[in-house]
Every structure is written in structure tokens, then in C-alpha cells.
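Residue numbers (numbering that gives the first Met the number 0): 0 to 773.
Here's the structure we're looking at; comments come further down.
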Amino acid sequence: METQSYTLPVLPITNSVIYPGLAMPMTIHRTSSVKSLEAVFESGNKMIAVFAQRSEAADPLQPKDLFEVGTAANVQLISRFGSSLQVILHGVERIEIVNFIQFHPFLKAQVSPRPISITHGIETEALHRETLELVKRYFDLSRPEDSFSFPRSIPYEEDIMKLVFPMSKLMSLSVENEQQLLAAPSDKDAMKLLNGFLNHEIQILEVRQKISEQTKDKLNQEHRKYILREQIKTLQHELGEGDPEIGAQELRRKFEETPLPEEIKNDVEKELARFEQIPQASPEYQVAQSHLELILALPWEESTTDNLDLANARQVLDEDHYDLREVKERIIEQLAVMKLNPEAKAPILCFAGPPGVGKTSLGQSIARALGRKFDRFSLGGMHDEAELRGHRRTYIGAMPGRVLQAVRRAGVKNPLIMLDEIDKLGHDFRGDPAAALMEILDPAQNNSFHDNYLDLPFDLSKVFFITTANSIDTIPKPLLDRMELLYLSGYSDLEKMEIARRYLLPRQRTEAGLSQEQIGIPDDTLNSVIRRYTREAGVRELERMLGRLARKVAVSFAEGKNKPYKIQVGDLRELLGPERFFVERLRKDFPSGVATGLAWTEAGGDVLYIEAIALPEGDPLTMTGHLGEVMKESAMASNSYVIAHCHNLGISKEVSAVHLHVPAGATPKDGPSAGVTMATALASLYSNHPVRRDTAMTGEITLSGLVLPVGGVKEKMLAAHRAGLRRVILPNENKKDLEDLPAEVRSEMEFIFVDRIEEALEAAIPNLLSENNR
């Protein structure tokens, strides 16, 4: 019997199928589909032809992209969201396409009903009962939340499709399987298809139940994650959808793609072959996998190309740092060597100097000038050798050493790695990290560095290592011998002014969100900040003070004041508080027995006043001020020399007991360089002649009266200059060290060079020797 066809707009849908007798909510986004629905609403018919797409990616749609059998559905509009529609589609009857009569702006087709054929007979009744039995077994195994309201049985006389279509939706079949059910020519064919799908799902559910029963006695907190993994693995194996060897296959693929040295490649091949034989449940599996992943993540052959343009390097270094001429020239020299000899080994430099002079930031600038990747980590407080060499893989939580981790993070085999605070390494029963650094920082050995975790030789010879230290005294001598020392001394006030203008002030102004016009700091104000609110060799505290000033001005602008702010010297007390330091002036009261010395500290140079007074009784020499053993010995040698040469110095020794004190008693002090100062203070006390107030001194003395050279001369001279002392007595051997002083400091100071203590006393104590000569 011929059926009558009719015309309907077409609604293509993806990922689902609409069945007759069922309703489904949908959100429609596609422009052509929205127009198709709007045409339905305007016509008042409320019917639309719904067909599933063969491919989700098909756009624009062609007739061949739609399945032949679909559903005529009644449309109910729920809401609109911009250009999208939310609707409910109620399936009415099966239809098929006769032909398309419109393609733009939406599809419209002539369709005809395609009712499902209802059969009768023994086979149909048997299929009916089998279907009901499978539905019951499915519900008994799965027990979905909505199964209690679902019809598990339907009389033979009724339409079995009332059960087939809802069961299809309940099992969440694929679009292809749902379409097969929709297009089934008869109820018998539909039941056969559904029974096949039900059997497949029931087998999966039975496997799950079997696994659950087998592992029920192991369900405790420790094994829960393991059991879940086993269930997933078994299901994947039954379905043929999972590969238990996926981890090994992925590592094998990476191994084939990663360029490795030939001698390393053979070892990794053996390790990978062993890994492929390890069961996934074995505890060794994760250890071996992590080890192989590290090997394949390391940059065995990857490297960056160095930028060997000397002019560019000079420009970058000058942009980031002021002065530091010696360090910059050393980097330029290394670039020249690398340009002429590409196979030259990377240098190992050690920047030593007080805090805040730019050691760490200089490493970043060198990396930028070379075009290398940069990484850094601190050695301060490190006391476990394994942190550098790595842990053996037999330990739980083992990992590679910090050096290898830094190389992996950089992603190339020739990065610039900065090891901060090498002078603050510790050691205990777990090993000595300094001993591990002996190999890492030795160009003759680090081309085959062995990390305990990696357990393969890795070439570190292309890595540019830079270390930093405040003091080299605590660095083991063999380790120090492997590095090239470059000293970064403190800055003079003029240098700090220049650094503040070029770098610190613009940076703090930017961080505070201010423009150059909004805040101004004249030179006299900047000089007051340097002299009265900071006392340091570097500029770290100076940057903090400038940051405080910038934030104070930022508060003013944030509150609505738009007038440019020019900070005067008189404003500093209000903005920064009372002056933290006072410019060292010559003592108004400078009695006999007081001498001005110069000391070197990790934070730069410092002025040290040494005082001596006579006691009516007591020990011949009492010393206080937290002095070290070397400094105490210098005091005893100074006292012995002065007493032994009283006659030559014109001193009448009548003092039976002396107390020698070095102020700032809570600060530990040590070293021989205060010998000249102590001898001068004692000579002044014994002769009752005061030392010149404008004179400072430094130098080691011997019992025979020789003045020996000392270290830290530049820092000491800068400290004297900061304190307003313009006359300094120095050992003659230290004359060469003044070449590093800034020209403005040298021009403002007078230097007296001496070889013997008598020369120092003559320069420091007026009339001491002249009275004796008369």
C-alpha cells in the first residue's frame, strides 16, 4: 500500500537519535538549524523531520551526510539564549527522505512515513521472551538509578518497540547502533539487534562483578587504588580497548626520537628492554619508568648557539651594571676565546664580594649577553651530598641531584648555572657537598659527571658555572683552586649615586606605578639617603629606601593629589623616619690611647676605634671586644714591641696594667690587620700624646717592627672615605691595591706608606719621635 508523502523542514542532529514515542531536550546552535526551527514555529505545524548525521564534522551539510531513516517530531520551544534555541523534541513516527526540495537557508525535504513491520509467530514470541529475560538480567547486574520506574516486562500482545527504544537510550549506545535500531524493518529485527547489545553489556557487567567478588577481601585503604586500576585494566582487556604496554610503547617512541650519544644509547636500550618485561603491578615499574623518563628528558645533544658579538656583550653588561670593569673584561675575554676556539672549555668563575654589589644579577646579565639559558640555585645551608649527586634509585623518593635538575629545566647542555652562596655550604654525617662540587666544578672531570640517580656519565663541560660568595675563607682550598676568583668590591658614594640614578630609581619608580614627572629626587637628597639612611658596601638597602620613598609618593597620588612631588632633604625625616646613621665625624674628645683603625667585613669595610686605658693594678694586658685568637696575638705583639722600644720611642713606661678595648663588643673580630692601630693606641697611651683625629691606619706588625701588607684595601679605603677620614697610613706593599680605587676617592685622600712601625707612629702621633730626637 502506497503511503502519502509530505514536506517538512529538516533538523540534522549529532551524537544522538530521536525515537518515536520518546521526548528529548536539545539546545540548537547551528544557524541553519535555528532557521529551520523558526520556520516550523512560524508555520504553526510544529512538526519537523529529525535525521542523525553520519559525521559530526560535516559542514556545510550535503544530503549524503544524513542517514536515510529519521523521525518526524513535534517541537516545543523552551527558551532562547542569544542565537541559540532550547527545545524539546517529541518523536511521532519513523520517516524516510523521498527527495530534498530546499538547501538554503535551511534544509527542507519531502518525506514519507516508514512504519515498522509487526510480526507474529513462534520466532517472534521467542525473541520477545529472550528480550525480556536479558532486560531483567541487565537490571539485576547494573541497577541504574532509574531502573525501578522502568518497565521490565511488556505483554506479547503489546508493541515491543515501547521497550526496545527506551532500553537503547538507557544503555547509552553509539549513534550508529541507535540508528540501526531506528532503521530496523521489523520488530523482530529490532529485538535481534537489542539482544546483541544487551548480551555485550551483560558480559561487561558480569566481568565487573567477578572482579569485585575476587577482590572483596582486599578492600582496605592501602589497596583501594590498586584494585581500581586492576578493574580498569581487566575491562580494557576484555573490550580490546586498552593496551597494558602503552607506557613502554610511549617510552620506546621517545627513545627512537631522542638523539643520544652512541655509548649512552646502548645502555638505555638495555634498560628499556628490561623495563618492557616488568609487570605494571610491580613496585619496580614506577622506579624504572621515572628513571627512563629522566634519561629521555635530559638534553644530551641540544644546545644554544652562543652570541659571540663582543660589542653586543659590552652593551648588555653596561646596560645592567655600572662599573665592575674587571668582571666585564673577563667575560669579553672569554667570548673572544670562544669565538676563536669553539671547543674551548667553559670557565668556572667565582664572584666574591659583600652583599648587594650585584653578584647574582651579574650572572643573569652574562647569560643574556651570551644568549644562553639561565638557571640558579642556592648552596647556602646545603649539608647533604646527595642533593648535588642525587640519590640512588633503591631509596624511596629518590631523585636526581640539583645540578642535573637545573640542566633538565634549562633544556640545553650548555646553560649558565649560578651556584649562590658557595661559602655557606655545610656538612654532616650525610656527606660533604663541597667534595661533590670538586668533580662538578673541575673542567678536567665534569665531562663525564656521574649522578647517583642517573647512573650514566653526563657531560657538564659545556655548562658555564658561576659561583658567588661573600667570603672565600670558608671555601675549602682544593675547591677554591678549581675556580677563577673575581672580586666585586663595594661602591663609593659617587658610584652609588650613579647606580641609583641609572638603575635603582627608575626600577622602583616603575614598580610603584609612577612616571618620571610625578617624582623627583635631587642629587643632594639622594646623597643624604646614601650617607644617613644606609651604610653598606652594596646598594641593596639603598634600593629599599628608594622603594619606600616611591611608595610614599604613590600613596599621595592614589589619594587624588596630582601635583608632582620633588623630595627635598628636609622631607626625608617625615618619609623615612629619623636618620639611621650619622656621618662619622672626627671625635671631639680624642684622648691619648685612642687610634682609628680600618677593618674588612663580609659586608664591606668599616671604621674601628681602638681604645687603651691605664689601670692602677691588674693583668699587664686585658683585652675585650669579642676578639679572635689572631687579633689577641696581634695585640700582645704590639704591646711587647712598644714596651721593648720605649727608650727609642721617647716613652717613659710607668704603666703596670693596660685595658685594650675594641668597640662594638657584640661583633666578633679577628685578623692581624689591626696590629698597627693597636701599637699606635698603646704608644699614645704610654707617651700621653693623642693620635691625629683625621688619620686612620691598617697593617700587620711583627715583633721586629716590620709592617706587613693586608687584604681588603679597597673596602677599607671606601669605609674611611665614607667616615670623612682623608688621611690613611698603609703598608708600603699595599700601594698597588689603590689602583682599584675610584679616581674621585684617590684624589680626595692622602696615603702614607710605611715599612716599619716607627714610620707609622711618626705619621700618626705628632711630636712623638721629634721630642725624643731633640
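The beta-carbon is built from N, C-alpha and C at its ideal position, and this holds for glycine as well.
In the displayed model, Gly624 falls within coil according to three-state DSSP, outside both helix and strand. Taking all protein chains in view, the Cβ of Gly559 is surrounded by fewer than 16 other Cβ atoms within 10 Å, so the residue is classified as exposed. Selection Ser281, Ser360, Gly352 and Asp305 evaluated against Glu318 yields Ser360 as nearest (Cα-Cα).
Under the DSSP assignment, Arg579 falls outside any alpha helix (DSSP H); it carries neither an H nor an E label. Three or more beta-carbon pairs separated by less than 8 Å link the segment 376–389 to the segment 436–455, which places the two stretches in contact. Using a Cβ-Cβ distance cut-off of 8 Å, the segment 401–410 and the segment 421–428 are not in contact, since fewer than three pairs of beta carbons, one from each stretch, lie closer than that value. CA-to-CA, the gap between Leu204 and His103 works out to about 47 Å.
If you look at Arg726, you'll find it in the beta strand (DSSP E) that goes Arg726 to Pro730. Contact between Leu484 and Val326 does not hold, since the beta-carbon distance rounds to 11 Å and is not under 8 Å. Counting only runs of 3 or more residues that sit fully inside the segment 372–437, the beta strand (DSSP E) segments are 373–377 and 415–419, in chain order. Assigned with DSSP and collapsed to three states, Ala536 falls in coil, not helix or strand. Between Lys107 and Val9, the C-beta gap is smaller than 8 Å, which places the two residues in contact.
Glu95: member of the beta strand (DSSP E) spanning Ser83 to Gln101, first to last residue. The residue among Phe99, Ser686, Ala443 and Leu455 with its C-alpha nearest the C-alpha of Val462 is Ala443. Within its own chain, the residues whose Cβ lies closer than 8 Å to the Cβ of Val110, once the five positions on either side in sequence are excluded, are Ser4, Tyr5, Thr6, Leu7, Ala48, Gly69, Ala71, Ile94, Glu95, Ile96 and Val97, listed in chain order. Asn44 sits in coil when the DSSP states are folded into three classes, being neither helix nor strand. Counting every other CB atom within 10 Å of its CB across the protein chains shown gives Val402 a total of 16 or more, marking it as buried. Scanning the segment 430–475 for uninterrupted alpha helix (DSSP H) segments of 4 residues or longer gives 432–439, listed from N- to C-terminal end. The three-state reading of DSSP puts Ile210 in helix, counting H, G and I together. In the three-state scheme derived from DSSP, where H, G and I count as helix and E and B as strand, Ile612 is classed as strand. Among the bridge pairs identified by DSSP, Trp299 is matched with none. Where Tyr18 is concerned, there is no enclosing beta strand (DSSP E), because DSSP gives it neither an H nor an E.
Taking 8 Å as the cut-off, the Cβ atoms of Ala183 and Ile100 do not count as close. Annotation: Asn198 to Leu227 spans about 24 Å, alpha carbon to alpha carbon. About 13 Å separates the CB atoms of Met630 and Leu620; that is not less than 8 Å, and the two are not in contact. One thing to note: Ile764 has its Cβ no nearer than 8 Å to the Cβ of Ala673. C-alpha of Val744 to C-alpha of Leu459: approximately 43 Å in a straight line. Taking a contact to require three or more Cβ pairs closer than 8 Å, the segment 508–520 and the segment 472–481 do not qualify as touching.
The shortest C-alpha to C-alpha distance from Glu732 to any of Gly43, Leu705 and Phe589 is the one to Leu705. In this structure, the CA atom of Val86 is about 15 Å from the CA atom of Glu41.
At a Cβ-Cβ threshold of 8 Å, Leu126 and Met190 count as neighbours. Looking from the CA of Gln363, the closest CA among Arg506, Glu301 and Arg375 belongs to Arg375.
Inclusion of Leu334 and Leu293 in the CB contact set at 8 Å is not warranted, their separation being larger than that value. In the DSSP annotation of this structure, the continuous segment of the alpha helix (DSSP H) that includes Arg136 starts and ends at Ile121 to Ser141. A direct Cα-Cα distance of roughly 10 Å separates Val336 from Lys344. Here the segment 659–669 does not lie against the segment 694–710, with fewer than 3 beta-carbon pairs under 8 Å apart.
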